[in-house]
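Quick note on numbering: the sequence shown equals residues -28 to -1, 1 to 519 in mature numbering (1 follows the signal peptide of the UniProt record, and there is no 0). C-beta: ideal position from N, C-alpha, C; glycine also. These numbers were taken from a predicted model, which means no experiment stands behind them. Worksheet: the structure to be examined is printed underneath.
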Amino acid sequence: MNFNISTHGSALLLVLTVLLTGTIPAYARKCPDDCHCDLDLKGRFRTVCNKVEWINPPLPSFEPDIEVLVISNTRHPINVGPQFQYFKKLEILRIIDANVPSVGDRSFWGLVRLKTIDLSRNNITQLAMENFRGQDNLIELDLSRNRLDNIASGTFAHLKELKTLHLIDNSITEFNQRLFLHLAKLKHLDLSYNSIDDLPPEVFKDVQDLKILRVRGCRLSNINPQIYNILSHLTELDLGQNQIKFLDKEEFKDLRHLQTLRLDGNQLSVIIDELFIHQKGLTLLDISRNRLAKIADRAFENLANLTFLDASYNKLSHIEPVCFRPLRNLQTLNISGNIQLDLGEMEDTINVIKNITGLMVADMGTLPLNLFSPFRHLSALNLSGNHIDNFTLQIIEPLNQLEFLDLSRNQLNGIPERYATQLARIGDVKLENNPLICDWCHMGPLITQTKKVGLRWQELPRCFLPERLREVRIDGLHQDGVEDCMEVIVDEDHDAASTSHNFLEQAGSVSILAACGLIIFIILAIIVVSTALCLSRHRARYYTHED
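Here it is as structure tokens:
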């Protein structure tokens, strides 16, 4: 009887749901045993199949009205062919990391609602125009991380509504001139991590309304200026991780709508005057990880709208105040890893940017203790890898508006009481890779704050010493299990604490000392042997003379 009531109740609920929403709920639809079915954030019926054994989808087990289908990490190669025409309402199809060797002709014929096809992380080597016939409404196509080496002209000609195309990390070495034929509505093109070497301007004549172009990691040593003339509507350009050594003053003169420019990971040695003079709307500039020894005084002229600048991990030794003066709206600056940059001698430059809200100065060595006195609005600060210890932690004392602080990879073995309260007020603090000693003397103040207010940090710090508490998070410590004060740290623990951050550095120092000692010993041995030989010869001559 209970079964019947339950059954009738479920049926009634199903009917009401259909009447009120006009849709059949997910729990009432078919779902294969080795898949998961639910509704996505937009209320579309979704089926996700992961690590399945089949080669072709067992169609009778699927709901025909699937709107989102995801197949990934399959144990056998999936055939992409006409079987997918079974899903007439399909809007998104993702077949990822499924060892797909090829795409069959007209595989998606009749799927007029299909907006997204993702075939990334497969083994596709060739494409043909017939693969995408009937896909007049497709908006996004992702073919990244396959084995494509040559794509014929007009391959995507049926995709006249396409707006996004990803061809990342394939084996493409050159592009045919009319590759993007009929893709006049394309806005986002990503060709990154292909061994292209050269980009012929003719390739882009069919996509002149492009907004985003990414050619990161393509071994490019230069870009033909005609490309910028053709793609004058670009708002984002990514040239990172290439082999560009020099940029001419007129390099970007045609890109007057550019908002984001990434030049990181190239071989630039200088940023010349007025290089970005025509990019008045630029908001993000990344010139990190180059070989920059100099930024010219007028390099950032006309960049009044720039909010983010990354010049980290270069060879900069000085930055003049006049260089930063045009950056009136700068909010975030990253100068990490410029170990030759003496921040103690940059007081005038710092005063120019004192209103920024984000600053990254990681891997800079020893920092001046009064470095942050001028900064009153900092909300995000990265100090990782700077040899900061319990004493030099006072560097953060003037900063009362921090919401994020990175103190990882330093030499902190505890948090003094006067800074524990300050850190507890910060939304997120990183203390990873510090030799933290979990006793009441070193970590007691922060442990108390943890129990008192409950830290909101994404990752709470873990103990390094004593050894029995190693890798234990401080919120997992019990009061009776924490020692009052480790007055004597055994040699092993002391060595471990002192080497947790700089083991290689200290090991290197020991090796150098040992090498020096060996050299001195060898020199002394040579001197002793040489002296003995001289005396021996002298005696021999003396006795010969006497004879």
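I need the straight-line Cα distance from Arg228 to Asn214, nearest angstrom please. 23 Å
On the criterion of 16 or more Cβ atoms from any shown chain inside 10 Å, does Cys435 qualify as buried, or is it exposed? buried
**Prompt:** Just reading off the alpha helix (DSSP H) that Arg390 is part of, what are its end residues?
**Reply:** 389 to 396
_Distance, Arg66 Cα to Met332 Cα_ = 38 Å
By the DSSP assignment, the beta strand (DSSP E) with Cys21 in it spans what residues? 17 to 22
message = Please return the same chain residues whose Cβ sits closer than 8 Å to the Cβ of His(-21), not counting the five positions on each side in sequence.
response = Unreliable positioning characterises His(-21) in this predicted model, as indicated by a pLDDT of 46, which lies under 50. The coordinate reading is nonetheless provided below. Once the five neighbours on either side are set aside, His(-21) has no close Cβ partner at all.
Check your understanding: For Gln251, which residues of its own chain have a beta-carbon under 8 Å away from its beta-carbon, when the five flanking residues on both sides are left out?
Key -> Phe224, Leu227, Arg228, Leu230, Leu233, Asn274, Leu275
| Distance CB(Asn382)-CB(Asn406) smaller than 7 Å | yes
Between Gly316 and the rest of its own chain, which residues show a CB-CB distance below 7 Å, the 5 nearest in sequence each way excluded? Pro340
Next item on the list: Pick out whichever of Tyr58, Leu86, Ile216 has its Cα sitting closest to the Cα of Asn194.
Entry: Ile216
Whether Cys9 touches Cys21 by CB criterion (7 Å)
no
Unbroken alpha helix (DSSP H) run spanning Ile89, endpoints: Element bounds for Ile89: not the alpha helix (DSSP H) but the beta strand (DSSP E), 88 to 90.
Notebook entry, point to check: What first and last residue would you give for the alpha helix (DSSP H) that runs through Gly416?
Noted result: 416 to 425
C-alpha gap between Ile184 and Leu161, whole angstroms
6 Å
*asked:* Given this structure, state the Cα-to-Cα distance separating Asp447 from Gln421, to the nearest angstrom.
replied: 10 Å
Could you name the residues that DSSP lists as bridge partners for Asn71? Answer by DSSP bridge pairing: none, since Asn71 is not bridged.
Suppose you measure from the CA of Ala396 to the CA of Leu343; what does that come to, to the nearest Å? 22 Å
Q.
Taking the alpha-carbon of His359 as reference, which of Pro346, Arg348, Leu379, Gly416 has the nearest alpha-carbon?
A. Leu379
Inset, instruction - Please look up how many angstroms separate the CB atoms of Gln239 and Arg261, rounded, as I've assumed it's under 8 Å. - result: No, Gln239 and Arg261 are not in contact; Cβ-Cβ is about 10 Å, not under 8 Å.
- prompt: Whose CA, out of Gly426, Val24, Val324, lies closest to the CA of Pro49?
  reply: Val24
**Asked** What did DSSP end up calling residue 527 once you bin it into helix, strand or coil?
**Response** Past the edges of the chain, shown from -28 to 519, lies residue 527, and the structure says nothing about it.
Would the C-beta of Phe147 count as close to the ligand FMN, meaning under 6 Å from any of its heavy atoms? As for the ligand FMN, it is missing from this structure, which has no ligand bound.
key: Under the three-state DSSP convention, the category Met332 falls into   = strand
Next item on the list: Please work out which residues of its chain come closer than 7 Å, Cβ to Cβ, to Gly76, disregarding the five sequence neighbours upstream and downstream, and give them in chain order.
Entry: Val52, Gly53, Pro54
- Name the DSSP beta bridge partners of Thr304, please? Phe280, Gly330
Bridge-paired residues (DSSP) for Asp400:
Phe376
* Got a sec? Which residues, its chain only, sit under 8 Å from Leu288 by beta carbon, not counting five neighbours each side? -> Leu264, Ala265, Lys266, Ile267, Ile307, Asn310, Gln312, Leu313
- Query: Do you know how far the Cα of Leu427 is from the Cα of Val242?
  - Reply: 44 Å
Run through DSSP, which three-state label would Cys413 get?
-> coil
- request: Measuring alpha carbon to alpha carbon, tell me which of Phe34, Met318, Ser74 ends up nearest Glu102.
  value: Ser74
Ile43: first and last residue of the uninterrupted beta strand (DSSP E) it sits in: 40 to 44
In the stretch 191 to 239, which residue ranges form an unbroken alpha helix (DSSP H) of at least 4 residues, counting only runs that do not cross its ends?
197 to 202
*Look at the Cβ atom of Ser351, then the Cβ atom of Ala334, and state whether they are nearer than 7 Å.*
no
Review point. Where does Val175 fall in DSSP's three states?
Key: helix
Just grab the DSSP bridge partners of His138 for me.
Asp114, Asp162
For the beta strand (DSSP E) holding Cys9, just list the boundary residues, first then last.
-> 7 to 11
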